[in-house]
Amino acid sequence: MLTAAPGERNARALLDADEFMTVTATLARNEPDFGWVYCEQVIVETLKFVAAAAQSDERLSPSTIVDKGLHALLENTEIHYAVGARLGVFVHHYPTLPGAAPVAPGWLERTIAAIRRVGFTEDPEMWA
0 MLTAAPGERN ARALLDADEF MTVTATLARN EPDFGWVYCE QVIVETLKFV AAAAQSDERL
60 SPSTIVDKGL HALLENTEIH YAVGARLGVF VHHYPTLPGA APVAPGWLER TIAAIRRVGF
120 TEDPEMWA
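Numbering-wise (numbering that gives the first Met the number 0), the sequence shown opens with residue 0 and increments by one.
Right, dumping it as structure tokens:
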């Protein structure tokens, strides 16, 4: 079981055990080359991102890998809605369309700073 470092918020607490299992299973089904533990790590990082986005005044962007976790959450609409209720804000998804302008410069730094502001530590491997 993945846990937070001492003194750090636990992103996994945004989902109950069944919800976490469902979203992780969705990611595992979508990405068959990922192992189960890696899928869990991606979902934890996704929850950090969603919590940061819920509290940010600016639009944040997930990394490529976190976006896969975000899509697994979005596929489970009731769970996605429940996370928004727990955070007090529904986090919308704004996909980048083919041919659209790239994400604004500095997105990575802004997103990581927002994750830290809400009490989490980012997993550097998920944001590389």
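Beta carbons: idealized from backbone N, C-alpha and C, even for Gly.
- Your pair GLU18 and ILE78 checks out as a contact, with CB atoms roughly 5 angstroms apart and the cut at 8 angstroms.
- A distance below 7 angstroms between beta-carbons, with the five flanking residues on each side excluded, links ILE64 to the following residues of its chain, in chain order: VAL41 and MET125.
- Shown here for GLU121: same chain residues with a beta carbon closer than 8 angstroms to its own, the five before and five after excluded, namely GLU44, LYS47, ILE111, ILE114 and ARG115 in chain order.
- Residue environment: LEU59 is assigned as buried (16 or more neighbouring CB atoms within 10 Å of its CB, all protein chains considered).
- For LEU13, there is no enclosing alpha helix (DSSP H), as DSSP gives it neither H nor E.
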